[in-house]
Amino acid sequence: MKLKKKTTFLVAMVLALMTLLSACGGGNDNAGSANTPDDAASNNAAASNNASANPATTGAVDTSQEVTLKLLMIGSKPTDYDEVYGELNKLLKEKINATVETEFLDWADWTQKYPLKFAANEDFDIAYTANWAFYNDQVLKGGFLELTEEMLQTYAPMTWEAMPQASWDQAKVNGKLYMVPNNNQEVTDKVVLIREDLRKKYNLEPVNSPETYAAYLKAIGAGEKGISPFGAKPADGWKWHELDQILLEQQNEWNLVDYNFPLAYKLDDPAGKVFNVYDTPEFTELIKYYKDLADNNGWSKNIVSNKNDVFQDIKAGKTSSYAQNLGTISSNVGEIRRDKPEMEVTVADLTPDKKKIGAISTQNGLAIHATSKNVERSLMLIDLLQNDKEIHDLTMYGIAGKHYEPLGEDKYNPGPSFNNYNLSGYSVWGWNSLLNRTDASYPEEGNQMLADWQSKVYHFPLETFVFDDTKVKNEVANVGNVMLRYAIPLEYGLIKDLEKGQADLNKQLKAAGLDKIQQELQSQIDAFLAAQGQ
Numbered sequence: 001m002k003l004k005k006k007t008t009f010l011v012a013m014v015l016a017l018m019t020l021l022s023a024c025g026g027g028n029d030n031a032g033s034a035n036t037p038d039d040a041a042s043n044n045a046a047a048s049n050n051a052s053a054n055p056a057t058t059g060a061v062d063t064s065q066e067v068t069l070k071l072l073m074i075g076s077k078p079t080d081y082d083e084v085y086g087e088l089n090k091l092l093k094e095k096i097n098a099t100v101e102t103e104f105l106d107w108a109d110w111t112q113k114y115p116l117k118f119a120a121n122e123d124f125d126i127a128y129t130a131n132w133a134f135y136n137d138q139v140l141k142g143g144f145l146e147l148t149e150e151m152l153q154t155y156a157p158m159t160w161e162a163m164p165q166a167s168w169d170q171a172k173v174n175g176k177l178y179m180v181p182n183n184n185q186e187v188t189d190k191v192v193l194i195r196e197d198l199r200k201k202y203n204l205e206p207v208n209s210p211e212t213y214a215a216y217l218k219a220i221g222a223g224e225k226g227i228s229p230f231g232a233k234p235a236d237g238w239k240w241h242e243l244d245q246i247l248l249e250q251q252n253e254w255n256l257v258d259y260n261f262p263l264a265y266k267l268d269d270p271a272g273k274v275f276n277v278y279d280t281p282e283f284t285e286l287i288k289y290y291k292d293l294a295d296n297n298g299w300s301k302n303i304v305s306n307k308n309d310v311f312q313d314i315k316a317g318k319t320s321s322y323a324q325n326l327g328t329i330s331s332n333v334g335e336i337r338r339d340k341p342e343m344e345v346t347v348a349d350l351t352p353d354k355k356k357i358g359a360i361s362t363q364n365g366l367a368i369h370a371t372s373k374n375v376e377r378s379l380m381l382i383d384l385l386q387n388d389k390e391i392h393d394l395t396m397y398g399i400a401g402k403h404y405e406p407l408g409e410d411k412y413n414p415g416p417s418f419n420n421y422n423l424s425g426y427s428v429w430g431w432n433s434l435l436n437r438t439d440a441s442y443p444e445e446g447n448q449m450l451a452d453w454q455s456k457v458y459h460f461p462l463e464t465f466v467f468d469d470t471k472v473k474n475e476v477a478n479v480g481n482v483m484l485r486y487a488i489p490l491e492y493g494l495i496k497d498l499e500k501g502q503a504d505l506n507k508q509l510k511a512a513g514l515d516k517i518q519q520e521l522q523s524q525i526d527a528f529l530a531a532q533g534q
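The sequence shown maps to residues 1 to 534 in the numbering used here.
Shown next, in the form of structure tokens:
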């Protein structure tokens, strides 16, 4: 996910691939994924592999009538979807007397199509959702079915048993549950991928700070024709510079409440006072940093209209760096080392000494459509996706021997048709769990960095706060349009007069209603903290 906290990786139990992943997250660059290391691999036994725990096989529910369950997923349909889900349907027919049909909302326009599916009350049973993918919005609009403890204990008993209570609590909206979250914890911080061979070629210091990263990008911009130092894809409607999460949030230890508007608070501020990040000295300095990079060929002059797959450009030698979550970047590094051994790459953390933020459980999950006629069977399916080893492996990695080669219980190698069931292509991370496998090529530096980050995860009073924008929806939309029109060109160095550009941006934000959003947001934060006794 881009800056979206969709794009994360796992802490504590699982680091799962997203190449998005996470959602995000944002969304789409942003979301978790299934190819990242499983820190709890040794605890796989905690997630049941025994389908007999499902109520369909114990007589707890009548499954005599076959049903077709319709899934709504975000992302691109895998080339071999029909083959993989054909095998899945054989297993589901046997286990819960059901089959699955999936509709995919492509990354290019999912943000427009997703809410329309609910507004039109289309016929589907289960939808991927996340805190960056309309979860709170659809809960408030009545799009998702409330899930009670009794329902989960009866129809998803394996999930109920394996899921930490904190994960259930984090997924509640106004005290009620509407999602089965994926069973892991993620850290939302981003890192960058570095071409180590190019860094060494120019005798540069190791990249571990904003300053060393700038030196790296500028050296490549000056010395390498045909290679764009930094790659990003803002043309899909993302409202932020792809480095903002690292250089604005992580560097300053801030937390942006919602990426649709530029309001944040300091992580260690017990009062949760929100402010406009575009009207801070830190942002003023950051756009100078960006302008310096743009003026020194740090990225293509056409970057704001780029629609290419940035990672594929890196593999092709057209780009030398980009930003994503640790799991995604580490998996990318492993893939390049396997497929392009002549290209030396590594993972770089630009904010190694800063606080790390753990994602709440709603980073990825599945919810049941409020009008589903197959609620019980839908919960049974979710239970199997998370906890049945055979079904989890199949849906996460494809057909053994073709799309992947299993190595023991918790690792795999890509198979000959690996790319035909692309794990990063769609929101399979909705059912990440303790059963996730790790790509055997996953680099050791990714594991070491994760271990270091685990000790730095910072918990703060507003960690589970979710903003309800019902009263300011028009203002949020207007502010988002201003960000696209004024902030993106400013951040990518296309505005010559930075002072005027920043002033124009804030003037337009004020006219669009940012103050009203800020007042409503602060009011909700104050009430949230008061309820917690802060």
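Note that the Cβ used here is the ideal one computed from N, Cα and C, for glycine as well.
Owing to the predicted nature of the structure, the values given are computational and were not obtained by experimental measurement.
Burial is judged here by how many other beta carbons sit within 10 angstroms of a residue's own beta carbon; Thr68 has fewer than 16 and is exposed. Put simply, of Asp236, Glu253, Glu224 and Ala323 the residue whose alpha carbon is nearest the alpha carbon of Asn297 is Glu224. Fewer than three beta-carbon pairs drawn from the region 407 to 416 and the region 111 to 124 are found closer than 8 Å, and the two stretches are therefore not classed as touching. Between Phe124 and Met73, the CB-CB gap reaches or exceeds 8 Å.
The three-state secondary structure of His392, taken from DSSP, is helix. Per DSSP, reduced to three states, the secondary structure at Gln185 is strand. Rounded to whole angstroms, the separation of the alpha carbons of Phe144 and Glu66 is 23 Å. Straight-line spacing of the CA atoms in Ala527 and Leu263 works out to 17 Å.
Separation of the CB atoms of Val345 and Glu196 is rounded to 6 Å, and the pair is thereby assigned contact status at 8 Å.
Around the Cβ of Gly86, a 10 Å sphere holds fewer than 16 other Cβ atoms; the residue is exposed. Within the same chain, Phe104 come within 6 Å of Lys77 by CB-CB distance, once the 5 residues on both sides are set aside. Rounded to the nearest whole angstrom, the C-alpha separation of Leu293 and Pro281 is 19 Å. No Cβ-Cβ contact shorter than 8 Å links Val192 with Leu326. A distance below 7 Å between beta-carbons, with the five flanking residues on each side excluded, links Asn420 to the following residues of its chain, in chain order: Pro78, Thr79, Asp80 and His403. Counting the other CB atoms within 10 Å of its CB gives His392 a total of 16 or more, which places it among the buried residues. Taking C-beta atoms as the reference points, Glu253 and Ala359 fail to come closer than 8 Å. With a threshold of 16 other beta carbon atoms within 10 Å, Gln386 meets it and is buried.
Its Cα nearest to that of Gln363, the residue Lys172 stands out among Asp62, Leu88, Lys90 and Lys172. Taking C-beta separations shorter than 6 Å and ignoring five residues to either side along the sequence, the partners of Trp110 in its chain run Ile74, following chain order.
Here Pro229 is buried: its Cβ has 16 or more other Cβ atoms, across all protein chains shown, within 10 Å. Judged by beta-carbon spacing, Thr129 lies within the 8 Å limit of Gly365, meaning their Cβ atoms are closer than that value. Partner residues in the beta bridge of Met73, as assigned by DSSP, are Phe104.
With a cutoff of 8 Å on beta-carbon distance, Val428 and Asn131 are scored as not near each other. For the beta strand (DSSP E) assignment, the uninterrupted runs of no fewer than 3 residues enclosed by the region 102 to 157 are, from N- to C-terminal side, 126 to 129.
Secondary structure at Ala367: strand, using DSSP grouped into helix, strand and coil. DSSP places Glu405 in the strand class (E or B) of the three-state scheme. The bridge partners DSSP lists for Gln324 are Val191.
Sequence-distant Cβ neighbours of Ile126 in its own chain, meaning closer than 8 Å and more than five residues away, are Leu69, Lys70, Leu71, Leu72, Leu366, Ala367, Ile368, His369, Ser372, Ser378, Leu381 and Ile382. For Lys95, the closest C-alpha among the options Leu384, Asp269 and Asp268 is that of Leu384.
A residue is called buried once 16 or more other Cβ atoms fall within 10 Å of its Cβ, and Asp268, having fewer, is exposed. In this structure, Leu498 lies away from Ile303, with their beta-carbon atoms at least 8 Å apart.
Counting along the chain, no beta strand (DSSP E) covers Val304, and no H or E run does either. Rounded to the nearest whole angstrom, the CA to CA distance from Lys218 to Asp279 is 27 Å.
The C-beta of Asn332 has 16 or more other C-beta atoms within 10 Å across all chains shown, which makes the residue buried.
For Val482, the enclosing alpha helix (DSSP H) starts and ends at Lys473 to Val482. In this structure, Gly513 places its C-beta atom within 8 Å of the C-beta atom of Val472.
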